Each structure stands twice: as C-alpha cells, then as structure tokens.
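In the numbering used here, the protein residues as written are 91 to 429. All C-beta atoms in this analysis are idealised placements derived from N, C-alpha and C, irrespective of residue type, glycine included. In this text, all values refer to a predicted model and were calculated from it rather than measured experimentally.
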C-alpha cells in the first residue's frame, strides 16, 4: 500500500508535537523518581511507564493530525498583536541588530542570547501598551492583517539590516564622534554629517526611490502629534519598562515603532495611533509637523542628536527624514533640489 500522505506541519501541529514530547518525558520522569526500595519492581514499572507514555503520545499525535487536517492550509487571521509576538518579527529584528552591531558588544554576546533579549523587549512593549494605552492594546489583538500588509510592514524593517543603511549609520556615527572630539556645535555637526553622506548619495537616492515605490515613506502631516492618543497611565511607567534592556532596547523599540507606523500608513482608519506615539517618546516621530527646509533640518538634527550613538535609532531618523536628507546632500553638491 502507498504510504499515507500527511499534511505539511502547521504551527498548531508543532505545538501538539511539543506537547506530546513533554507528556512523554514527564511520565517517564515521574516513574524514574521511585524510591530505592521499589527497585525490585523496576522492570515492570518501567514497562508500564513506557506503555503509558506511548499511549499518551499516540493519543496527542492523533489529535494533532486531526487538527491539522481540520485546519487545512489556512490558519487563523494574523493580528497586529500576534505579529508583535511572532518568531518572524523577533528573528528579523535579531538579524538586523547583529548586522548593525557587527564587531561590537551587542553582537559579541551571540545570536541566541540576543534573540532572547529581543523577544523580551517585544514583550515589554506589549506590556507597556497594555498599561499606557489599554484600548489600543485591545484593538491590536483584534485587528487582522493580510499577507501583503504584513510583508509591506516587514519590508520596512528589513531596511534596518540593509547593507546600504548599515553603511550610512556607521558613516554618521563616525562623523558625530569626530564632532564630539572637536567640541563642535550643531552647525559643525550638520557639515560633518553632510560630508559623510555625500559619497553615499547614490545609496540614499536608491533607498528613497524604493521607499516611495513601496509606499513606505511617511506623508507630511500637520496634525497634532497627540491627536487621537489616549494614555491610560503615565508614559514614565512605560519608560521604566522599555528601558530595562541595556543597549538592545533602543533597537527593539525602533523596530516596533517602524512596524506600527507602517501599519498606520496602510490602515489609516483602523490602526490606532497610540502604539507608535508611545514609542516616539523614546525616539523619533515622523508625524511632527515641519514645513520649511529650516524646520525639517532642525527636526532631523534634533532626531540625530537624540539617536546617536544607537545605530537602529540613527537609521530610524534617516527613514523618517529620507527625502530631506537626500535634498540636503544634493544642495551641498549644488545639484537640482528634489520636489
């Protein structure tokens, strides 16, 4: 007879398989703790334990198979909160931080250790949201995402680990360090940043074009940055939660904020504003109005001064001000301004 074709493993099957293994191990471990005086009956006891374990594993595995067949290829709708807690987001954020911190202390601790810190950081964001914006937190648990919406948001996050962005971040950090050593002021910092970015104008223009094509750039806004935001508790309470993880927390917060902002652009009527606004208290806010070139320059410089030396926050500043950064460098070179 042809072998029975089993369906492809689903997340629910993986959880069932893990449960079966846990039950099997627990039963055997319980039998192994028998007192020494029971050793004369060890063989029959072990046989009974094995039989019980096999029986439980068989029962759970059968339930797993039925569950997978019932679920079929489709799974439950992905919510924003589920995406925040997903392995996919934690893995992507970890990979980006490994690339951004290559050769530094964060990457030196190893991917597995960093992955654990990232997962805890994302959980802290979820907890802080529940504390400061409980209504928005409930909305995230029910707001479903389609595959295209999820991928569009994750594509924004992939820019953090893009080799061009990593290069830009390092060039900016070096320029800022030089300015600090020279005790330079804000004007000298801007000159150094522009000089550092000038050789990378091609990368900036490519990234700008890609982000425009993907609809991933924040539209200019004149709304108040606190509009439609209701905090259920003091933001300082969220700060204590979100700053508990050393240097990794800034990177995790920047990734989560970029994720929420991407979903705001895609779902302007449904995605709550509070999650991104809460995280903007510890980073940049692309919705802060700034019409003139001078205002945009000041916004970018303020963002950079607050972000440095964190590479994730630095990249977030570049993403939030990408059009102005390109224009600033082109003006330095005497080229035509962007519209």
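Hey, residue 397 and residue 389: beta-carbon distance below 7 Å or not? With contacts defined by Cβ atoms closer than 7 Å, residue 397 and residue 389 do not form a contacting pair.
Can you tell me the Cα-Cα spacing of residue 283 and residue 416, whole angstroms? Approximately 12 Å between the Cα atoms of the pair.
Would you list, in sequence order, the uninterrupted alpha helix (DSSP H) runs of no fewer than 4 residues that lie entirely inside the stretch 171–219? The stretch 171–219 contains these whole alpha helix (DSSP H) runs: 177–190, 195–198.
Taking the Cβ atom as the reference point for each residue, do residue 221 and residue 170 lie within a distance shorter than 7 Å? Cβ atoms of residue 221 and residue 170: not closer than 7 Å.
Tell me the rounded alpha-carbon separation between residue 418 and residue 187. If you draw a straight line from the Cα of residue 418 to the Cα of residue 187, it comes to about 28 Å.
If you draw a straight line from the alpha carbon of residue 249 to that of residue 271, how long is it in whole angstroms? Cα-Cα distance, rounded: 30 Å.
Buried versus exposed call for residue 360 [16 or more other C-beta atoms within 10 Å across all chains shown]: The residue in question, residue 360, is exposed, as its Cβ has fewer than 16 Cβ neighbours within 10 Å.
If you follow the alpha helix (DSSP H) that residue 382 is part of, which residue opens it and which one closes it? Counting along the chain, residue 382 sits inside no alpha helix (DSSP H), nor does DSSP assign it H or E at all.
Residue 254: which of 346, 391, 280, 292 sits nearest, CA to CA? Out of 346, 391, 280, 292, 292 has the C-alpha closest to the C-alpha of residue 254.
Residue 269 and residue 279 - do their beta-carbons sit closer together than 7 Å? The answer is yes: Cβ separation under 7 Å.
Scan the stretch 212–276 and note each continuous alpha helix (DSSP H) run of 4 residues or more that stays entirely inside, going in chain order. Listed in chain order, they are 224–232, 237–248, 253–271.
Distance, Cα to Cα, residue 386 vs residue 301? Going by C-alpha positions, residue 386 is about 19 Å away from residue 301.
Could you tell me the distance, in whole angstroms, from the CA atom of residue 212 to the CA atom of residue 276? So the two alpha carbons sit approximately 34 Å from each other.
Quick one: what's residue 168 bridged to in DSSP? Answer is 235, bridged to residue 168.
By DSSP, does residue 403 sit in helix, in strand, or in coil? Correct three-state label for residue 403: helix.
Can you give the Cα-Cα distance for residue 401 and residue 193, rounded to whole angstroms? In a straight line, the C-alpha of residue 401 is about 13 Å away from that of residue 193.
Could you give the distance in angstroms between the alpha-carbon of residue 409 and the alpha-carbon of residue 236? Rounded to the nearest angstrom, the two C-alpha atoms are 24 Å apart.
Roughly how many whole angstroms lie between the Cα atoms of residue 351 and residue 423? The alpha-carbon of residue 351 is positioned some 32 Å away from that of residue 423.
Kindly indicate which three-state DSSP category residue 365 falls into: helix, strand or coil? In this structure, residue 365 counts as helix in the three-state DSSP scheme.
Alpha carbons only, please: which of 345, 265, 368, 200 is nearest the one belonging to residue 175? Comparing Cα positions, the closest option is 345.
Whose C-beta lies closer than 8 Å to the C-beta of residue 263 among residues of the same chain, with five residues either side of it excluded? The residues are 398, 399, 401, 404.
Coarse secondary structure for residue 341, derived from DSSP in three states: In this structure, residue 341 counts as helix in the three-state DSSP scheme.
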